[in-house]
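Structure first, commentary second.
Residue numbers (my numbering), protein chains in the order written: chain A, 44 to 145; chain B, 126 to 420.
Next up, the structure:
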C-alpha cells in the first residue's frame with residue numbers, strides 16, 4: 044500500500060477513541076450505506092474526505108439523539124437543499140442576465 | 126453587557142427540572158443546530174444562545190450561581206473565578222456541543238459570570254474540530270475566466286488558493302483545514318469562500334455561454350465584411366455575412382466561458398447584431414439611397 048493512500052485513511056479505532064464513541068456506531072453507519080469502511084490487514088479505516096460527514100453523523104446521533112433512519116433522511120434532505128441552493132444561484136444569475144438585457 | 130434570561134431562551138420556567146431543561150434544549154438544538162441549517166447565520170446565533178443557556182442551567186452549580194446572581198452579574202465575579210472552576214470542575218452530565226459547531230464563543234455575560242469558555246474546564250480529553258469560517262471574494266469576469274492563484278488573509282493567516290476557471294457568481298468553495306484551529310488537538314475547521322463576480326462591460330455571461338452585442342454598420346450588414354471584436358480571450362476577427370439582418374445572432378462554438386473544473390471545455394459565444402442606420406447623410410448619399418429604393 045502506498046504512503047499517499049495510507050495518509051488518506053483514518054483508523055476507525057482512532058476515530059472512535061478521539062470522539063469517545065462505540066465502534067458499533069461506525070458499523071451501523073456502514074450497514075446503512077452512510078459511510079464506506081475499508082479493511083486493510085484486518086484493521087478498519089475510513090477515507091479522510093469522509094471525516095466531516097462522519098463527524099456530522101456523530102453529532103446527529105449523540106448530541107441530537109437522532110437515530111440512523113433520521114440521519115439518513117436528514118442527509119437526503121440536506122443534499123436536496125444543497126442542490127436547490129445551487130439551482131437558486133443559477134436562476135438568480137439567469138435573472139440578472141435578463142434584467143441586464145432589459 | 127445585558128442580562129441574558131437563559132430560562133426564556135430555552136422556553137422553560139424557573140422551576141424546571143433537569144429533565145425539562147434537557148428536553149427543551151434537545152428540541153431547540155434540533156431546530157437550530159448548524160449542521161441542520163447550513164449557511165444560516167440566524168440559526169447559528171440562536172444555537173449559540175441555547176447552547177449557552179443549557180451550559181448554565183444543566184449544571185446544578187452554575188444554575189445555582191445564575192439564579193442567585195443572574196440579574197446582578199457584576200457581583201458574580203466575587204463568587205468564584207474561572208481558575209478555581211478549572212481546578213475543581215463540577216460533575217457534568219448534561220449534553221454539550223462542540224464549540225466548533227456552536228459557532229463561536231460564549232457571550233460576554235456568560236464569560237463575566239463563569240470566567241470564559243466552558244470547554245476550558247472540562248472534557249480535557251475531548252478534541253474538537255475548529256470553527257468553519259465563511260468569507261466572500263470579489264472577482265471580475267476576466268479573473269473568473271482563467272484558473273489563477275490569489276493570496277488571502279484569513280484571521281491573520283495568509284493563505285494562497287487556486288481559483289479554478291469557470292467559477293459561478295455566488296458559488297462557494299471549501300478550503301479544507303483553513304478554518305479555526307482545532308481544540309485540544311482536534312482538526313482545524315474549513316474555510317468557505319463565496320465568490321461574487323462583477324458584471325463586465327459589453328460581455329454578459331449566462332452559465333458557460335457569453336453574449337456580446339455588436340453595433341454593425343449598415344454597409345457591412347448589407348455587403349458583408351470583417352469586423353474585430355473584443356472577447357475575454359482577446360481580439361477576434363469575425364466575418365459578417367452579406368445581408369445580415371438586424372437582431373440576428375451568430376454562435377461561435379467553444380468560444381464562451383470555461384466549464385468549471387473541466388479542462389479544455391468551453392461554452393459558446395453568441396454575437397448579436399444591431400444594424401446601425403447611418404445618420405447625417407449627404408445629398409449624394411440620400412440620392413444613392415433613393416436610387417436603390419427604386420431598383
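Using N, Cα and C, we set each Cβ at its ideal position, and we do this for glycine too.
Being a predicted model, the structure only gives us computed values, none of them experimental.
Residue-level contact check: residue 154 of chain B touches chain A, since one or more beta carbons of chain A fall below 9 Å from its beta carbon. DSSP, read as helix, strand or coil, puts residue 142 of chain A in helix. For residue 187 of chain B, the number of other beta carbons within 10 angstroms of its own is at least 16, and it is reported as buried. Beta bridge pairing from DSSP links residue 383 of chain B with B:391.
Chain-ordered, the chain A residues with CB closer than 7 Å to the CB of residue 158 of chain B read 107. At a cut-off of 9 Å between beta-carbon atoms, residue 54 of chain A makes no contact with chain B. The Cβ-Cβ distance between residue 56 of chain A and residue 79 of chain A does not fall below 9 Å.
With distances taken between CA atoms, residue 124 of chain A lies nearest to B:160 out of B:160, B:263, B:320. For residue 408 of chain B, the enclosing alpha helix (DSSP H) starts and ends at 408 to 419. Within chain B, 158, 160, 161 have C-beta atoms less than 9 Å from the C-beta of residue 103 of chain A, given in sequence order. In this structure residue 89 of chain A does not touch residue 77 of chain A by the C-beta definition: roughly 11 Å separates them, more than the 8 Å allowed.
In the DSSP assignment, residue 259 of chain B falls outside any alpha helix (DSSP H) and lies within the beta strand (DSSP E) extending over 258 to 264. Rounded to the nearest angstrom, the gap between the Cα atoms of residue 321 of chain B and residue 120 of chain A is 27 Å.
If you check each beta-carbon in the segment 329 to 355 of chain B against every beta-carbon of chain A, the ones closer than 9 Å belong to 329, 330, 331, 332, 336, 338. Below the 9 Å Cβ cutoff, chain A contributes 132, 135, 136, 139 as neighbours of residue 294 of chain B, in chain order.
Apart from sequence neighbours up to five positions away, the residues of its chain that approach residue 390 of chain B with a beta-carbon distance below 6 Å are 384, ordered along the chain. Per DSSP, the unbroken beta strand (DSSP E) holding residue 320 of chain B starts and ends at 316 to 322. Of all residues in the segment 112 to 124 of chain A, only 117, 121, 124 come within less than 8 Å of chain B when Cβ atoms are compared, listed by chain position.
Within chain B, the residues 160 have their CB atoms less than 8 Å from the CB of residue 99 of chain A, given in chain order. Where residue 98 of chain A is concerned, the enclosing alpha helix (DSSP H) starts and stops at 94 to 101.
For the pair residue 295 of chain B and residue 173 of chain B, the Cα-to-Cα distance works out to about 27 Å.
Per the coordinates, the alpha-carbon of residue 167 of chain B lies some 16 Å from the alpha-carbon of residue 257 of chain B. Flagged as an interface residue toward chain A: residue 312 of chain B, by a C-beta distance shorter than 9 Å.
Each residue's CA atom was taken as its position, placing residue 266 of chain B and residue 345 of chain B some 30 Å apart.
Taking C-beta atoms under 8 Å as the contact rule, residue 301 of chain B and residue 315 of chain B qualify, at a distance of about 5 Å.
At the C-beta level, residue 369 of chain B and residue 349 of chain B come within 9 Å of one another. Nearest Cα to residue 293 of chain B within the set B:331, B:312, B:327, B:274: B:331. For residue 355 of chain B, the secondary structure class from DSSP, reduced to helix, strand or coil, is strand. Residue 106 of chain A and residue 68 of chain A have their C-alpha atoms spaced approximately 14 Å apart.
Look at the segment 257 to 278 of chain B: it has no residue with a C-beta under 7 Å from a C-beta of chain A. Membership of residue 376 of chain B in the beta strand (DSSP E) is indicated by the continuous run 374 to 377.
One Cα belongs to residue 138 of chain B, the other to residue 137 of chain A, and the distance between them is close to 50 Å. Residues 335, 377, 380, 381 of the same chain have their beta carbon placed closer than 6 Å to that of residue 394 of chain B, with the five preceding and five following residues left out of the count. Burial of residue 102 of chain A is indicated by the presence of at least 16 other C-beta atoms within 10 angstroms of its C-beta. Excluding its 5 nearest sequence neighbours in each direction, residue 324 of chain B has no C-beta neighbour in its own chain below 6 Å.
Taking C-beta atoms as the reference points, residue 181 of chain B and residue 128 of chain B fail to come closer than 9 Å.
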